[in-house]
């Protein structure tokens, strides 16, 4: 099988180091594409809930894959989020083709795109505390219960069920939060003449067009690799939401070089990279 070529791939909210992370599926997806640019839009690592006793090999392989892509010439931008906010102290640092930033502006075929995780809106939405709590320890407890439920359903030959999706769909505060989040992102993007605003954070994959009296923009959210297993892809001058569960070709091979590479090899490769500050201003994208 040939890898799918995409200009840009965006993933977010992977939560490596947490029980709810679907690392195997993400690794399969990353192995199935050949991007020119990979944007990690926050919460890739769940440092906030990091547990030294839980970081399985599958999670390490995802990090290896990302670093391997950067070593092969893919421009990788790690945008910090609220669960990996400790990374913000390293914003502006580059390790070869891997760049750590708090936000990112790209020129994509003559259109301006604004990438950021989205947790900055939490301050202005303090009344919507329910979703914030769901995104922390409570979220993890729900997934532990959900895994037990799905194990039981699988034994009985029934389809998987998502408790968190059901809870969020039936919770008015959650829906209000999501609507306010999208509106805030769109309003700021239009005010700054951005054509695209690309977020993560709320675990709600979406692509929608917005027009107001002040202008227009396209809102994009990459979703997550916890329950939705989604990404954003840009190719042939258009954006689309990729859904792993809808991909008939998702069972894919693992890169041989990745299987044969150990973590020390990666560390040595990074150590040889030249450190240099990376500007967060507008960066042209080669198409």
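In my numbering, the protein residues as written are 316 to 602.
Cβ atoms here follow ideal geometry from the backbone N, Cα and C, with glycine treated the same way.
Rounded separation between residue 439 and residue 317 - CA only:
The predicted position of residue 439 is uncertain, since its pLDDT is 43 and thus under 50; a value taken from the coordinates is nonetheless stated next. Cα to Cα, residue 439 sits roughly 45 Å from residue 317.
Does residue 274 come out as helix, strand or coil in the three-state DSSP assignment?
Missing from the structure shown is residue 274; the chain here goes from 316 to 602 and no further.
Taking contact to mean at least 3 C-beta pairs separated by less than 8 Å, is the region 324-331 in contact with the region 532-543?
yes
For residue 323, write down the residues that DSSP places opposite it in a beta bridge.
352, 549
Which residues mark the beginning and the end of the beta strand (DSSP E) in which residue 390 is found?
390-394
Checking the sheet assignment: what are the DSSP bridge partners for residue 494?
Answer is none; residue 494 lacks a bridge partner.
Across which residues does DSSP place residue 514 in a beta bridge pair?
536
Quick one: grab the DSSP three-state call for residue 430.
strand
Mapping the DSSP letters down to three states, classify residue 377 as helix, strand or coil.
Reduced to three states, the DSSP call for residue 377 is helix.
For residue 557, which residues does DSSP report across the bridge?
546
Helix, strand or coil at residue 521 [DSSP, three-state]
strand
Under 8 Å, do residue 406 and residue 510 count as touching if we go by C-beta distance?
no
Three-state secondary structure (DSSP) at residue 531?
Reduced to three states, the DSSP call for residue 531 is strand.
How close, in whole Å, do the beta carbons of residue 377 and residue 414 come, if the pair is a contact with beta carbons under 8 Å?
With a Cβ gap of about 18 Å, residue 377 and residue 414 do not count as contacting.
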